[in-house]
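Protein chains in written order, with the numbering used here: chain A, 1 to 147; chain B, 148 to 564.
Structure first, then comments.
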Amino acid sequence: MDLKDLYRDVIVDHNRHPRNFREIPDADRRADGFNPLCGDKLTVFVKLDGGRISDVSFNGSGCAISIASASLLTESVKGKTIAEAEGLFSQMHQLLTRDDIDIDVTRLGKLGALSGVREFPARVKCASLCWHTLDAALHQQEQVSTE
Amino acid sequence: MNAVHTVAGNPTALDVAAIRRDFPVLERTVRGLPLSYLDNAASSQRPRAVIDAMSRYYETSHANVHRGVHTLSQEATDLFEGAREKVRRFINAKSTREIIFVRGTTEAINLVAQSYGRPTLGPGDEILVSWLEHHANIVPWQMLCQQTGATLKVAPITTSGEVDFDAFAALLASRTKLVALAHVSNALGTVIPVQRFIAAARARGVPVLLDGAQAVPHMTVDVQALDCDFYAFSGHKMCGPTGIGVLYGRESLLNAMPPWQGGGDMILAVSFEKTVYNGLPYKFEAGTPDIAGAIGLGAAIDYLETLGMERIAAAELALLAYANEQLATVPGLRFVGTAPEKAAVVSFTIDGVHPHDLGTILDHEGVAIRTGHHCAMPVMDFFGLPATARASFAFYNTRAEIDRLVVALHTAREMLG
Numbered sequence: 001m002d003l004k005d006l007y008r009d010v011i012v013d014h015n016r017h018p019r020n021f022r023e024i025p026d027a028d029r030r031a032d033g034f035n036p037l038c039g040d041k042l043t044v045f046v047k048l049d050g051g052r053i054s055d056v057s058f059n060g061s062g063c064a065i066s067i068a069s070a071s072l073l074t075e076s077v078k079g080k081t082i083a084e085a086e087g088l089f090s091q092m093h094q095l096l097t098r099d100d101i102d103i104d105v106t107r108l109g110k111l112g113a114l115s116g117v118r119e120f121p122a123r124v125k126c127a128s129l130c131w132h133t134l135d136a137a138l139h140q141q142e143q144v145s146t147e
Numbered sequence: 148m149n150a151v152h153t154v155a156g157n158p159t160a161l162d163v164a165a166i167r168r169d170f171p172v173l174e175r176t177v178r179g180l181p182l183s184y185l186d187n188a189a190s191s192q193r194p195r196a197v198i199d200a201m202s203r204y205y206e207t208s209h210a211n212v213h214r215g216v217h218t219l220s221q222e223a224t225d226l227f228e229g230a231r232e233k234v235r236r237f238i239n240a241k242s243t244r245e246i247i248f249v250r251g252t253t254e255a256i257n258l259v260a261q262s263y264g265r266p267t268l269g270p271g272d273e274i275l276v277s278w279l280e281h282h283a284n285i286v287p288w289q290m291l292c293q294q295t296g297a298t299l300k301v302a303p304i305t306t307s308g309e310v311d312f313d314a315f316a317a318l319l320a321s322r323t324k325l326v327a328l329a330h331v332s333n334a335l336g337t338v339i340p341v342q343r344f345i346a347a348a349r350a351r352g353v354p355v356l357l358d359g360a361q362a363v364p365h366m367t368v369d370v371q372a373l374d375c376d377f378y379a380f381s382g383h384k385m386c387g388p389t390g391i392g393v394l395y396g397r398e399s400l401l402n403a404m405p406p407w408q409g410g411g412d413m414i415l416a417v418s419f420e421k422t423v424y425n426g427l428p429y430k431f432e433a434g435t436p437d438i439a440g441a442i443g444l445g446a447a448i449d450y451l452e453t454l455g456m457e458r459i460a461a462a463e464l465a466l467l468a469y470a471n472e473q474l475a476t477v478p479g480l481r482f483v484g485t486a487p488e489k490a491a492v493v494s495f496t497i498d499g500v501h502p503h504d505l506g507t508i509l510d511h512e513g514v515a516i517r518t519g520h521h522c523a524m525p526v527m528d529f530f531g532l533p534a535t536a537r538a539s540f541a542f543y544n545t546r547a548e549i550d551r552l553v554v555a556l557h558t559a560r561e562m563l564g
């Protein structure tokens, strides 16, 4: 496996220039995510319009994988219903952790850039932290930890 | 037998090439590249002499200790107690009664917290630590405070990563019942001038525990010269096995302390009415001990003594000086912890590249370092950092390995910076 499978151009770009890296002051939902192993800390903010995610953002600090993953998350779930976002979460979970099933990466769009992460078991939690945090926000839990 | 590995014609310099042949793991590759193991502060590697001593024990002499009259039990006991004597001599304790085998530094500190601290501390009493401590020298005291109502006080550090002595001295009060201090910081490598701190504490009659996990592998430690009351260290950071460590305690204090675990070996006589505890050090060694671990630790001490702690310290400080010089050439690299006196540990960050990514990229180049908070989150908070990268050197490391580290850091910068 090559380092370039992990640090693909999309990942490097989203790490250098994270999208939706801001607070939503009047967010309807927010949650903090923490990875005690490496000290990554993210806050995910969600604005809801009915059952739909009308705006989503994040801030915090972390490694390239966790920042890029969070940035990609915000782009991919904006405009989605809560149920659709949860469907994506479960697909991402499979993409990151299961090498025994074929996942149609093309259906995931840019999120497919994270498929290399599963070859680096120590980094899976970095990529999944933002998804667990979004899930916690949607379920109105305030905090989530990957440990 | 261990051979003395010194450079021909220069008895003060170690022959690193010969030493590296003693460590089987250093021959392996990682991802097709030679291994550069620069994570020695987390755990060092084992020379064949240690592995062989443990295998030989299991193959020829294993039985339980202090129990049987048969030959194997006697041999096992002799080897186990022989290791205790090697430890005593290595740290210059007065007596083997002051050498208690434990699982490691963490267990040693918990033992002192529960056996020395718990019966003697109460509300209003204080335990004084420093901001540099490893979690293992913080959490046992926090637990003790919860149990007894005592308070944990923390001596601040400076921006260079040194413990502020004046602030420490000002925090020493009549309520201070114990000082617990690192000898060498695991996160930054700072060597704390502990004698000054011990003298200040002893002048007030306050006992001192030193966390020596990062000191014993790298310098000569003499507990009598230090005049400390407790000294804790681990086997696995000094080329010995995991699962074995040592608590040194001043005999008068250990005698006054109650056992902290009950079971076999720590008793002289048991009936349902009354149990008579064994004497030192067995009072604190309930249950069958890690016999092979102790024997392995003894073999590690033999190995280190053959090389000589002065020669080891000199070789490691030369590596530290070289690493500081080479790392300073990497753009955007910031050193974290710049005390004038340090062990061979370099903690650093690189602008634009998170330490966790550094760890992965370096691993791809065969270079093993530690990234994260190093079990010292308060130190990270002090510097306003979530994590650092830490390279830590042992006497078997080479300049070429430091060069590989530097090259890999450049790669990481190009990739992500």
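C-beta: ideal position from N, C-alpha, C; glycine also.
Starting from the C-beta of residue i, find all residues in its chain whose C-beta is less than 8 Å away, skip the five residues before and the five after it, and write them out in chain order.
i	result
R250/B	G390, I391, G392 and D437
A260/B	P287, W288, M290 and L291
I497/B	V477, G479, L480, R481, L505, A536, L556, A559, R560 and G564
Taking Cβ to Cβ, would you say residue i is nearer than 8 Å to residue j?
i	j	result
F227/B	A441/B	yes
A70/A	A137/A	no
K110/A	E75/A	yes
V500/B	A559/B	yes
R106/B	H511/B	Residue numbering for chain B in the displayed model covers 148 to 564; residue 106/B lies beyond these limits and cannot be assessed.
A297/B	L275/B	no
F419/B	G396/B	no
N35/A	L129/A	yes
S220/B	R214/B	yes
A240/B	I246/B	yes
L108/A	A127/A	no
G409/B	A447/B	no
K430/B	M413/B	yes
E119/A	D5/A	yes
I82/A	V117/A	no
A302/B	A314/B	yes
R458/B	T159/B	yes
R167/B	L161/B	no
Please work out which residues of its chain come closer than 6 Å, Cβ to Cβ, to residue i, disregarding the five sequence neighbours upstream and downstream, and give them in chain order.
i	result
C522/B	H281 and H282
G308/B	L335, T337, G484 and A486
V77/A	I53, V56 and A85
V331/B	V338, Q361, A362 and A490
G264/B	L291
G95/B	The first residue shown for chain B is 148 and the last is 564, placing residue 95/B beyond what the model contains.
A189/B	R517
Near residue i, what residues of its chain come up, given a Cβ to Cβ distance below 7 Å and the 5 sequence neighbours on each side ignored?
i	result
H17/A	none
M148/B	Bear in mind that a pLDDT of 49 at M148/B, under 50, signals an unreliable position, so the number given afterwards is only what the model happens to contain. The answer is none, since no qualifying residue turns up.
S381/B	G251, T252, A360 and G392
M201/B	P388, A439, I442 and G443
I508/B	A555, T558, A559 and M562
V144/A	A31, G33, H132, T133 and A136
A348/B	L319, V326 and V355
Using the beta-carbon of each residue, which ones in chain B are nearer than 7 Å to residue i?
i	result
R123/A	T507
L37/A	G519
What does residue i reach in chain A if we use C-beta pairs closer than 8 Å?
i	result
D504/B	Y7, C63, A64 and I65
M290/B	The premise fails here: M290/B is roughly 19 Å from chain A at the closest Cβ pair, so nothing lies under 8 Å.
M527/B	G39
Could you list which residues in chain A have their beta carbon closer than 7 Å to that of residue i, in chain order?
i	result
H501/B	G62, C63 and A64
Residue i touches chain B at which residues, Cβ-Cβ below 8 Å?
i	result
L3/A	T507, I508, H511 and M562
V120/A	Here residue 120/A turns out to be Phe, not Val, going by the sequence shown. Near F120/A (Cβ distances below 8 Å), the residues of chain B are T507.
DSSP has residue i in a bridge; who is on the other side?
i	result
L6/A	Answer by DSSP bridge pairing: none, since L6/A is not bridged.
V326/B	L275/B and V355/B
Q143/A	D32/A
P181/B	T176/B
D412/B	BP columns for D412/B are empty, so no partner.
L394/B	I247/B and A379/B
Y567/B	The question about residue 567/B has no answer, for chain B in this structure spans 148 to 564.
N157/B	V154/B
Compile a chain-ordered list of the residues in the region 13-25 of chain A whose CB is closer than 9 Å to at least one CB of chain B.
Listed by position along the chain: N15 and R16.
Residues of the region 43-64 of chain A in Cβ contact with chain B at a cutoff of 8 Å, in chain order, please.
S61, G62, C63 and A64
In the region 70-84 of chain A, which residues sit with their C-beta less than 7 Å from some C-beta in chain B, listed in chain order?
none
Below 9 Å between beta carbons is the criterion; list the residues of the region 130-147 of chain A that meet it against any residue of chain B, in chain order.
Against chain B - using a Cβ distance shorter than 9 Å - the region 130-147 of chain A contributes no residues.
Taking Cβ-Cβ distances below 8 Å as the criterion, which residues of the region 258-281 of chain B are in contact with chain A?
If the cut-off is 8 Å between Cβ atoms, the region 258-281 of chain B has nothing near chain A.
Using a Cβ cut-off of 9 Å, which residues of the region 529-543 of chain B contact any Cβ in chain A, in chain order?
Cβ contacts with chain A: L532, P533 and A534.
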